[in-house]
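Protein chains in written order, with my numbering: chain A, 456 to 734; chain B, 456 to 734.
2 protein chains.
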Amino acid sequence: MKLFNRIGIVGLGLIGGSLGMAIRKNAVGSEIVGVTRKKRTLDAALKLGAIDCGSLDFKILSNCDLIILATPVKTIIELLGQIKPYIKRGAVISDVGSTKFEIVKAAQRTLPKGIDFIGSHPLAGSEKRGIDNATAELFNDSLCILTPAKVNIQANTRKLKLFWKKVGAKVKILEPKTHDRIIAATSHLPHLAAFGLIGSLPESYLGYAGSGLRDTTRIASSDPLLWTEIFLTNRQAILKSIKAFQKQICEFSILIRKKDGRRLFTRIRNIKSKRDKLV
Amino acid sequence: MKLFNRIGIVGLGLIGGSLGMAIRKNAVGSEIVGVTRKKRTLDAALKLGAIDCGSLDFKILSNCDLIILATPVKTIIELLGQIKPYIKRGAVISDVGSTKFEIVKAAQRTLPKGIDFIGSHPLAGSEKRGIDNATAELFNDSLCILTPAKVNIQANTRKLKLFWKKVGAKVKILEPKTHDRIIAATSHLPHLAAFGLIGSLPESYLGYAGSGLRDTTRIASSDPLLWTEIFLTNRQAILKSIKAFQKQICEFSILIRKKDGRRLFTRIRNIKSKRDKLV
């Protein structure tokens, strides 16, 4: 028996498209239906086998056992109200958004009892986007964080956990607020730093880039709308992370100004040994 | 005929070792001799074919037509005086340091007339280090910046340029000061940002890292001594780059605090389109 019978995916970009392909490849659902705003995307998703059938209309989500909202954060929140009329009682709803507290709060406010919304955050995006970059292997060896709430049915959380494992991800569980605080530091701040590095660089310098600049700023090519919405829906945690980062840069700046080689060395050595633990 | 007859390399780490291997592979010199501080490194370099013979003594550099100093910046400066007694008249001396103004200035002060020091900066390092990571392919498709001075003999600059091309690099020419200003922004600042990102991160968060954090902070695993010396020998330019970066982070922080989605989006979109030019 398949884990879910009918699975709906709203949004068929890199994540949504890849998810459909991974569901099919790993036989996690009997039927995959997709909703998107553009006919061209639907056609591409059908061609790739990411969905069995698709529509520009939410009606196709009727009778789904699992619906995954795979759009930027603000759209996820807006979608909750729009798909509500078509959700089957007992269905599990999830998403792929990079911030969780605002989304979970909106879901609890919007969706009726008997529909379990459980937040998911697959850490599998990249600076690439769109169905054309989708691949069934996107989630292999990646991490997916689930943020179940007390109101959720535990059996549903277990089922959703198994779902992500079957498409290739390792799964960890966090409170929504804890998720947002950790991801602010591990993902949102690095994006901001990458944006800042490119922002502060005269364009004529790009011709002198080595692999260091390339790697540190790869994610500065990420989708602007996606990241605007992430920054705005995780404001407090991001502002806190920025402050801690600014403190670091300021302290480095003082040591360099004072030519304090001994403290600079110790500091970099400690940072290197921390970074070396990230394999 | 080989480009240089006898080539000496001082320092047989990742760069020095790889350079020896690339010189041999591309038949750029007739004989490669190496100097290092540790017997173990010499043995490894001989085994890898990075050198034909090696010594812990600078005397082996006698009769070299080209000597490359492949150590951290401060050591390069100290080495100039130490190797001076053994340099053949008419020899070309170069280095691989990541800052150029201080090194070129020290060379002009230290070395006698008739010995041409021409600064080189191969942008081919990585967070890895040591002879054990050396490879003849390290410089393939990388960039090497030469910083010749007015006192240098043009024929020597042309020969050194050809040397780097033959080991695989593309070559650009810059003034030492210009080099230091550009590299402060494209390499030194990104390293500092990577150190700052890891520095500001609670260690327990490392388990939640995605590819974004991994890529932006790969270079935070770089050699602490090397980077202490780079920061100290390019202070002015780095402090200027830090200031421009701090301004960017501060402006982002204000837009996020003010929830100014429109300006955030425009800013990130402009940065993305700049970064997309870096292929």
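In this text, a Cβ means the ideal position worked out from N, Cα and C, and glycines have one as well.
Taking buried to mean at least 16 other C-beta atoms within 10 Å of its own C-beta, is residue 656 (chain B) buried or exposed?
In the second sequence, residue 656 (chain B) corresponds to position 201, counting from 1. It is buried - the Cβ of residue 656 (chain B) has at least 16 other Cβ atoms within 10 Å.
For residue 602 (chain A), which residues does DSSP report across the bridge?
In the first sequence, counting from the first residue as 1, residue 602 (chain A) sits at position 147. According to DSSP, residue 602 (chain A) bridges with A:574.
Per-residue DSSP class, three states only, for residue 462 (chain A)
Reading the first sequence from its first residue, position 7 is the one you call residue 462 (chain A). Three-state result, residue 462 (chain A): strand.
Would you list the one or two residues that DSSP bridges to residue 625 (chain B)?
Taking the first residue of the second sequence as 1, we reach residue 625 (chain B) at position 170. Residue 625 (chain B) pairs with B:598.
With a CB to CB cut of under 6 Å and the five nearest residues on each side skipped, what residues in its chain are close to residue 681 (chain B)?
Counting from 1 along the second sequence, the entry for residue 681 (chain B) is found at position 226. Only 527 meet the Cβ criterion.
Taking only runs of the beta strand (DSSP E) that begin and end inside the region 533 to 595 of chain B, which ones reach a length of at least 3 residues, in chain order?
547 to 550, 574 to 577
If you draw a straight line from the C-alpha of residue 559 (chain A) to the C-alpha of residue 672 (chain B), how long is it?
Residue mapping note: residue 559 (chain A) aligns to position 104 of the first sequence, counting from 1. Residue mapping note: residue 672 (chain B) aligns to position 217 of the second sequence, counting from 1. Their backbone Cα atoms lie some 30 Å apart in a straight line.
Exposed unless 16 or more other CB atoms sit within 10 angstroms - verdict on residue 456 (chain B):
Along the second sequence, read from residue 1 onward, the residue named residue 456 (chain B) stands at position 1. Its Cβ having fewer than 16 others within 10 Å, residue 456 (chain B) is exposed.
Who pairs with residue 486 (chain A) in a beta bridge, going by DSSP?
Stepping through the first sequence from its first residue, residue 486 (chain A) is reached at position 31. In the DSSP output, where bridge partners are listed per residue, residue 486 (chain A) has A:461.
Answer yes or no: do residue 615 (chain A) and residue 477 (chain A) have a C-beta to C-beta separation smaller than 8 Å?
For this step, residue 615 (chain A) is matched to residue 160 along the first sequence. For this step, residue 477 (chain A) is matched to residue 22 along the first sequence. No. Outside cutoff.
Looking at the C-beta of residue 654 (chain B), does it have a partner C-beta in chain A at a distance below 8 Å?
As a first step, residue 654 (chain B) must be located in the second sequence, where it is residue number 199. Yes, residue 654 (chain B) lies at the interface with chain A (some Cβ there is under 8 Å from its Cβ).
My output table needs one value for residue 608 (chain A): the three-state DSSP class, helix, strand or coil.
The residue labelled residue 608 (chain A) in the question sits at position 153 within the first sequence. The answer is coil: DSSP assigns residue 608 (chain A) none of H, G, I, E or B.
Less than 8 Å separating the beta-carbons of residue 645 (chain B) and residue 661 (chain A)?
Position 190 of the second sequence, counted from the first residue, corresponds to residue 645 (chain B). Position 206 of the first sequence, counted from the first residue, corresponds to residue 661 (chain A). Against a cut-off of 8 Å, the Cβ pair of residue 661 (chain A) and residue 645 (chain B) comes out as no contact.
For the alpha helix (DSSP H) containing residue 509 (chain A), name the first residue and the last one.
Counted from its first residue, the first sequence places residue 509 (chain A) at position 54. No alpha helix (DSSP H) holds residue 509 (chain A); the beta strand (DSSP E) holding it covers 508 to 510.
Using Cβ-Cβ distances below 8 Å, what residues of the region 632 to 648 of chain B are close to chain A?
Of all residues in the region 632 to 648 of chain B, only 637, 638, 640, 641, 642, 644, 645, 646, 647, 648 come within less than 8 Å of chain A when Cβ atoms are compared, listed by chain position.
Cβ-based burial, residue 642 (chain A) [other Cβ within 10 Å; buried from 16]:
For the purposes of this step, residue 642 (chain A) is taken as the residue at position 187 of the first sequence. Buried, since its Cβ has 16 or more Cβ neighbours within 10 Å.
Can you check DSSP and say which residues form a bridge with residue 524 (chain B)?
As a first step, residue 524 (chain B) is located in the second sequence; it is residue number 69 there, counting from the start. Residue 524 (chain B) is bridged to B:465, B:550.
With a threshold of 8 Å, are at least 3 pairs of Cβ atoms found where one atom belongs to the region 548 to 557 of chain B and the other to the region 626 to 642 of chain B?
The region 548 to 557 of chain B vs the region 626 to 642 of chain B: in contact.
Quick one: does residue 663 (chain A) have its CB under 8 Å from some CB of chain B?
On the first sequence, residue 663 (chain A) is found 208 positions in, with the first residue counted as 1. Chain B has a Cβ within less than 8 Å of the Cβ of residue 663 (chain A).
Within 10 Å of its beta-carbon, does residue 609 (chain B) have 16 or more other beta-carbons around it, so buried, or fewer, so exposed?
Along the second sequence, read from residue 1 onward, the residue named residue 609 (chain B) stands at position 154. Burial call: exposed.
How is residue 725 (chain B) classed by DSSP in three states: helix, strand or coil?
Numbered from its first residue, the second sequence carries residue 725 (chain B) at position 270. Reduced to three states, the DSSP call for residue 725 (chain B) is helix.
Name the residue from B:508, B:459, B:458 whose alpha carbon lies nearest to the alpha carbon of residue 472 (chain B).
Along the second sequence, one-based indexing puts residue 472 (chain B) at 17. Considering only alpha carbons, the answer is B:508.
On the criterion of 16 or more Cβ atoms from any shown chain inside 10 Å, does residue 606 (chain B) qualify as buried, or is it exposed?
Mapped onto the second sequence, residue 606 (chain B) falls at position 151. Residue environment analysis places residue 606 (chain B) among the exposed positions, since fewer than 16 neighbouring C-beta atoms fall within 10 angstroms of its C-beta.
Please check if any C-beta of chain B sits within less than 8 Å of the C-beta of residue 720 (chain A).
Taking the first residue of the first sequence as position 1, residue 720 (chain A) is located at position 265. Interface residue, yes.
For residue 517 (chain A) and residue 481 (chain A), the rounded distance between their alpha carbons
Taking the first residue of the first sequence as 1, we reach residue 481 (chain A) at position 26. Taking the first residue of the first sequence as 1, we reach residue 517 (chain A) at position 62. Their Cα atoms are separated by approximately 23 Å.
Which residues in the same chain have their Cβ closer than 8 Å to the Cβ of residue 469 (chain B), if we skip the five residues on either side of it in sequence?
For the purposes of this step, residue 469 (chain B) is identified with residue 14 of the second sequence, where counting begins at 1. Contacts found: 580, 581, 583, 584, 585, 586, 588, 589, 593.
Tell me the rounded alpha-carbon separation between residue 598 (chain A) and residue 627 (chain A).
For the purposes of this step, residue 598 (chain A) is taken as residue 143 along the first sequence, with counting starting at 1. For the purposes of this step, residue 627 (chain A) is taken as residue 172 along the first sequence, with counting starting at 1. Whole-angstrom Cα-Cα distance: 7 Å.
Report, in whole angstroms, the separation of the C-beta atoms of residue 753 (chain A) and residue 670 (chain B), which I expect to be a contact under 8 Å.
This structure cannot speak to residue 753 (chain A), because chain A is shown only from 456 to 734.
Residues near residue 617 (chain B) in its chain [Cβ-Cβ closer than 7 Å; skip 5 each side]
On the second sequence, position 162 is the one that residue 617 (chain B) refers to. 458, listed in sequence order.
8 Å Cβ cutoff, residue 619 (chain A) in contact with chain B:
Numbered from 1 along the first sequence, position 164 holds the residue referred to as residue 619 (chain A). It does not: the Cβ of residue 619 (chain A) has no partner Cβ on chain B nearer than 8 Å.
Residue 595 (chain B) classed as buried or exposed, judged by whether at least 16 other C-beta atoms fall within 10 angstroms:
Taking the second sequence and counting its residues from 1, the one referred to as residue 595 (chain B) is at position 140. By the 10 Å Cβ count, residue 595 (chain B) comes out exposed.
Taking C-beta pairs closer than 7 Å, name the residues in chain B that residue 716 (chain A) reaches, listed in chain order.
By one-based count along the first sequence, residue 716 (chain A) stands at place 261. Chain B residues near residue 716 (chain A): 683, 687.
Coil, strand or helix - residue 655 (chain A) by DSSP
In the first sequence, the residue the question calls residue 655 (chain A) occupies position 200. Coil.
Where residue 511 (chain A) falls, given that 16 or more other Cβ within 10 Å makes a residue buried
Within the first sequence, numbered from 1, the residue matching residue 511 (chain A) stands at position 56. Residue 511 (chain A) is exposed by the Cβ-count criterion.
For residue 696 (chain A), which residues in chain B fall below 9 Å Cβ to Cβ?
The residue labelled residue 696 (chain A) in the question sits at position 241 within the first sequence. Those are 655, 656, listed as they occur along chain B.
Please report the distance separating the alpha-carbon of residue 489 (chain A) from that of residue 466 (chain B).
Taking the first residue of the first sequence as position 1, residue 489 (chain A) is located at position 34. Taking the first residue of the second sequence as position 1, residue 466 (chain B) is located at position 11. Whole-angstrom Cα-Cα distance: 59 Å.
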